[in-house]
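For reference, the structure is listed below as structure tokens.
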Amino acid sequence: MNKPLRRIAIFCGLLVLALLVRDNWLQYVQADKLAEHTMNRRVPIERYAQPRGDIIVDGNPITGSKKVDGDDFKYKRTYKNGPMWSPVTGFASQRIGATQIESIEDRILTGNDDRLFFRRSLDMLTGKKKEGGNVVTTLNAAAQKAAYNGLKGRGKGAVAAIDPETGAILALASTPSYDPSRFAGNTNKEAETFQKLDKDRDKPMLNRALRETYPPGSTFKVVTAAAALEHGLYSDIDSKTRSPLPWVMPDTRTELKNEGPIPCKNATLREALRVSCNTVFGKIGSDLGKDKMRETAEEFGFNEEQFVPVRSNASNFPKEMDKPQTALSSIGQFETAATPLQMAMVTSAIANDGTLMEPYMVRELQAPNLDVVEKHSPKEMGNPLSKENAQKLQDMMQTVVNEGTGTKAKIPGVTVGGKTGTAQHGLNNSKNPYAWFISYAKTDSGSPVAVAVVVEDSNAARDDISGGGLAAPIARDVMKAVLDSKK
Amino acid sequence: MSSSTTHTSTIGAIGAPSRRNTELALLVFAVVIPLFAYMNVGLAISGELPPGMLGYGLGLGLLAGVAHLVVRKFAPYADPLLLPLGTLLNGLGLVVIWRLDQSERLQQLAKASFGAFSPSAPKQLLYSAVGIALFVIVMLFLKDHRVLQRYTYISMVAAIGLLLLPLVPGLGKNIYGAKIWIQVGAFSIQPAEFAKIVIAVFFAGYLMVKRDALALASRRFMGLYLPRGRDLGPILAVWAMSILILVFETDLGTSLLFFGMFVVMLYVATERTSWIVFGLLMSAVGAVTVASFEPHVKVRVDAWLDPFNPDVISATGTDQIAQSLMAFGSGGTLGSGLGQGHSDLIGFAANSDFILATYGEELGLAGVMAILMLYGLIVERGVRTALAARDPFGKLLAVGLSGAFAIQVFVVAGGVMGLIPLTGMTMPFIAYGGSSVIANWALIGVLLRISDTARRPAPSPAPNPDAEMTQVVRP
């Protein structure tokens with residue numbers, strides 16, 4: 021009976037061997053996949069087991085962490101002045117997940133980033149608890165406050181401000197807004213709060229500065245002017261253009277109308293921008309044709325998503341259109357649509373003598389001990405127009421502020437250039453128009469700020485809505501805040 | 033020439049050393065290791081030494097000491113490894129059950145489903161004590177395992193009786209879809225765990241008597257030796273009955289265990305490979321038949337094939353397999369450390385059927401491999417006992433018990449690790465459950481008794497009356 025016994029011994033050995041092999045497969049080969057499986061609750065438990073790193077503006081954290089009792093998740097995210105900063109931070113919620121910076125830089129904030137590996141291993145040996153790193157943003161607290169407070173009194177809208185010389189984003193505000201602290205935890209009440217916000221018709225969780233595109237209206241005329249100068253249609257901003265009034269759009273019998281009786285017949289470029297002539301810029305677009313117009317628009321960043329590193333929707337300059345549609349597109353109507361960030365980029369390129377810098381909002385990533393893990397260096401994105409042409413355009417935009425539609429953006433002792441826009445929207449212009457204002461400020465040492473403001477003010481009487489009236493004061497306050505903080 | 037002065041008989045009373053001191057030394061390790069594990073858990077969870085550490089340590093030490101003294105006195109030549117292995121596994125089991133008692137998540141779960149939470153570790157210590165008591169009883173009253181041969185047919189009746197108990201109305205208790213418990217006072221018992229040992233006695237006794245008939249009086253049919261019905265009949269009937277009962281009780285693991293044990297013992301008894309083929313064929317037929325009319329099985333196969341599929345999870349009503357796999361994965365090579373994992377996410381069976389997942393997460397690949405090797409050692413010591421046994425009954429009983437033990441470990445660990453469909457049994461010694469611990473201590477007791485008989489030196493021969501005559505006559 022011993023021979024079958026020996027075989028049984030081997031069989032039992034094989035059973036144990038099979039278990040050993042399976043265990044190696046599970047705990048060695050498949051371990052990472054299983055450990056990071058989306059269903060694995062250890063991942064969120066681990067994520068909220070220690071305070072999350074902070075998002076920092078001007079050296080001060082705008083986020084924090086609070087200990088919660090009686091839950092798997094030990095710490096929850098808190099936000100300082102949440103509604104003001106939420107377009108910058110996004111949210112980190114134990115129940116819902118994270119968005120924007122909270123999501124993109126999650127590995128640094130939780131301390132899981134591979135670049136922190138060495139440090140983490142050291143901490144493990146010394147028995148120190150894992151800590152999250154910090155995200156240092158480029159934002160300017162004073163500018164953000166000016167932008168948010170300016171918008172808050174006026175209903176819906178957004179502001180994007182950029183440092184033209186580096187591309188650093190200085191302000192990014194959106195109203196109505198929400199406080200991400202209200203649903204950072206894991207309770208049903210917080211989930212309900214989120215649901216309510218999500219379904220709100222005013223879309224408080226929409227980041228209008230990056231994710232909403234609006235018809236840019238007359239502010240787009242600076243792009244059309246840049247196209248006219250760059251493609252050599254006109255070279256002198258002070259000589260008369262060949263612009264009839266009234267002007268019937270090519271291939272149609274429809275006149276392109278100006279807003280009121282303004283002197284647009286054969287107006288100079290400077291004059292046309294000052295009073296915002298639809299006829300002059302419509303004709304320029306139509307004369308240049310859709311391809312040249314699109315080329316310039318795309319050099320400014322249209323038709324492309326931006327990553328700052330939060331994704332910004334692509335602004336749109338249409339590809340297929342006939343001549344009258346080209347004319348309409350060139351004055352910021354038809355299908356032309358831009359995010360506030362995009363219009364701030366346009367302004368910043370002009371203010372920076374023609375060089376467009378890549379916009380960004382994360383200056384550096386820090387390890388928990390404040391060592392720099394990654395530092396952003398400004399990058400050139402392109403040269404949509406030459407230095408001379410950029411300076412010509414600056415000249416024109418300064419005229420707009422000094423003696424045109426944008427006088428409300430004036431700041432004593434500072435050179436300011438700008439452009440207003442009042443964009444019609446809705447079927448047959450049935451809805452209240454959007455008020456736009458784009459501008460930059462210049463000092464002796466260069467241009468510290470370019471800003472784009474859009475206000476969707478559905479409450480104001482229709483006739484009161486204008487870029488100059490509603491949006492320009494906000495832009496001025498933002499610019500002033502940046503200038504003051506530079507002193 | 034001087035050799036002729038000694039006894040001519042070569043089987044002397046010298047024999048194998050008893051190895052009792054080896055056992056004692058190993059037992060010290062088997063008690064100290066769980067003690068350190070307690071310390072580790074306490075420090076990891078609350079930063080201080082656990083209050084019950086001394087109690088559990090003393091309890092485990094006392095049990096091991098009593099068992100050792102009984103073995104030293106009543107089975108001095110028994111295998112020295114089996115008792116320490118059982119003690120170590122039992123001690124580690126107590127630690128991990130105690131660690132899971134500390135889980136707030138499981139406490140809340142218990143409050144939600146039963147209205148109250150009561151810690152499992154003290155009960156497990158009590159069960160372990162009862163188990164050791166049964167072990168001692170086996171040692172004291174079973175002087176020779178061959179006595180069990182007398183009870184072959186009584187064992188058959190007893191096994192079927194035990195298996196039928198849960199179906200008795202009023203006595204049986206349905207817990208989570210399996211009717212395998214009976215309720216006695218405050219305790220619930222799984223009779224199948226005890227039936228395992230009793231049925232091994234029956235198989236061994238019957239096969240020992242009938243093995244020649246089974247092996248030789250057979251007709252050759254398509255390359256297989258088919259035995260006569262009257263030889264195979266009774267054993268087949270018992271086996272089929274236990275399977276059927278277990279299918280009605282939806283205890284698939286135990287049916288698999290009984291079948292495996294039956295094939296192993298039949299093969300050893302008849303020494304015919306054709307039995308393996310025959311057995312595999314029967315098991316295939318059985319599996320397909322059961323799977324076709326038993327929805328319980330289909331669901332488990334689905335859960336095995338695609339444990340992370342949300343549809344499967346909603347069909348089974350639990351994501352235990354997925355949770356178990358994630359626990360193993362999260363443990364990785366070295367584990368998170370005792371007390372620092374989240375294996376309590378598995379839910380209600382975390383400290384019984386799924387306890388191995390906690391070892392996987394908190395001790396990692398290294399720890400689970402060590403545990404599996406401990407089981408492997410128990411099995412191989414059991415088979416070694418069978419090899420050493422001098423009587424066919426002892427051989428069959430030892431190989432049956434150790435084979436059943438191996439299959440149980442394989443089925444449970446394989447199910448928890450997703451190697452085979454989950455069938456629901458407990459990991460011997462380490463899982464929470466009274467019947468399991470008690471029955472397995474009895475199993476170790478029987479194995480020790482057989483090994484004692486096997487390794488015991490033959491009695492010294494009677495003095496040779498011729499010795500005087502062959503003496504060299506000195507001049």
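So the protein lines, in turn, are chains A and B. This note's numbering numbers the first residue of the first sequence as 21 and each following residue consecutively. This note's numbering numbers the first residue of the second sequence as 33 and each following residue consecutively. All residues carry an ideal CB built from backbone N, CA and C; glycine is no exception.
Determine the burial state of residue i: buried for a count of at least 16 other Cβ atoms within 10 Å of its Cβ, exposed for fewer.
i: B:R416; result: buried
i: A:Q215; result: exposed
i: B:S145; result: exposed
i: B:Y185; result: exposed
i: A:K412; result: buried
i: B:S384; result: buried
i: A:N80; result: exposed
i: B:F253; result: exposed
i: B:F61; result: exposed
i: B:N472; result: buried
i: B:V200; result: exposed
i: B:S35; result: Only weak support exists for where B:S35 lies, its pLDDT of 42 falling under 50; the value from the coordinates is given anyway. So B:S35 ends up on the exposed side.
i: A:H401; result: Looking at the sequence provided, one finds Met at residue 401 of chain A rather than His. Burial call: buried.
i: B:G261; result: exposed
Using a beta-carbon distance below 8 angstroms, is residue i in contact with chain A?
i: B:S34; result: Below a pLDDT of 50, predicted positions are generally treated as unreliable, and B:S34, at 42, falls in that range; the measurement from the model is reported next regardless. Not an interface residue.
i: B:M188; result: no
i: B:Y185; result: no
i: B:S287; result: no
i: B:Y407; result: yes
Distance, Cα to Cα, residue i vs residue j?
i: A:D61; j: B:V170; result: Inspection of the sequence shows that residue 61 of chain A is occupied by Arg rather than by Asp. The alpha-carbon atoms of A:R61 and B:V170 are separated by roughly 47 angstroms.
i: B:L94; j: B:A494; result: 42 angstroms
i: B:L366; j: B:G396; result: 4 angstroms
i: B:G399; j: B:Y391; result: 7 angstroms
i: B:S434; j: B:Q156; result: 23 angstroms
i: B:A316; j: A:F31; result: 19 angstroms
i: B:L172; j: B:P489; result: 20 angstroms
i: B:L138; j: B:T305; result: 48 angstroms
i: A:G175; j: A:Y454; result: 12 angstroms
i: B:F360; j: A:K399; result: 46 angstroms
i: A:L142; j: B:I129; result: 32 angstroms
i: B:V216; j: B:I462; result: 23 angstroms
i: B:T40; j: B:N496; result: Annotation note: pLDDT 44 at B:T40 (below 50); position unreliable, coordinate value reported separately. Going from the Cα of B:T40 to the Cα of B:N496 covers about 9 angstroms.
i: B:L195; j: A:G205; result: 51 angstroms
i: A:P103; j: A:S194; result: 9 angstroms
i: A:D91; j: B:L90; result: 35 angstroms
Of all the CB atoms in chain B, is at least one closer than 8 angstroms to the CB of residue i?
i: A:A55; result: yes
i: A:A29; result: yes
i: A:K94; result: no
i: A:L46; result: yes
i: A:V366; result: no
i: A:Q50; result: yes
i: A:M59; result: yes
i: A:A69; result: no
i: A:L35; result: yes
i: A:K87; result: no
Can you tell me where the beta strand (DSSP E) with residue i in it begins and where it stops?
i: A:K395; result: 392–395
i: A:E122; result: From DSSP, A:E122 is part of no beta strand (DSSP E) but of the alpha helix (DSSP H) over 120–124.
i: A:V475; result: 466–476
i: B:Q222; result: Careful: B:Q222 lies outside any beta strand (DSSP E) and carries neither H nor E.
i: A:R383; result: 382–386
Roughly how far, in whole angstroms, is the beta-carbon of residue i from the beta-carbon of residue j, given that I think they are within contact range, below 8 angstroms?
i: A:S459; j: A:M499; result: 7 angstroms
i: A:T98; j: A:K86; result: 5 angstroms
i: B:A445; j: B:M459; result: 7 angstroms
i: A:S368; j: A:I182; result: 5 angstroms
i: A:L171; j: A:Y198; result: Not a contact, Cβ separation roughly 14 angstroms.
Starting from residue i, follow the alpha helix (DSSP H) in both directions and report where the run begins and ends.
i: A:K500; result: 492–506
i: B:L197; result: No alpha helix (DSSP H) contains B:L197, which DSSP labels as neither H nor E.
Can we count residue i as close to the ligand ADP, meaning its CB is less than 7 angstroms from some heavy atom?
i: A:Q386; result: No copy of the ligand ADP appears in this structure; indeed no ligand is present at all.
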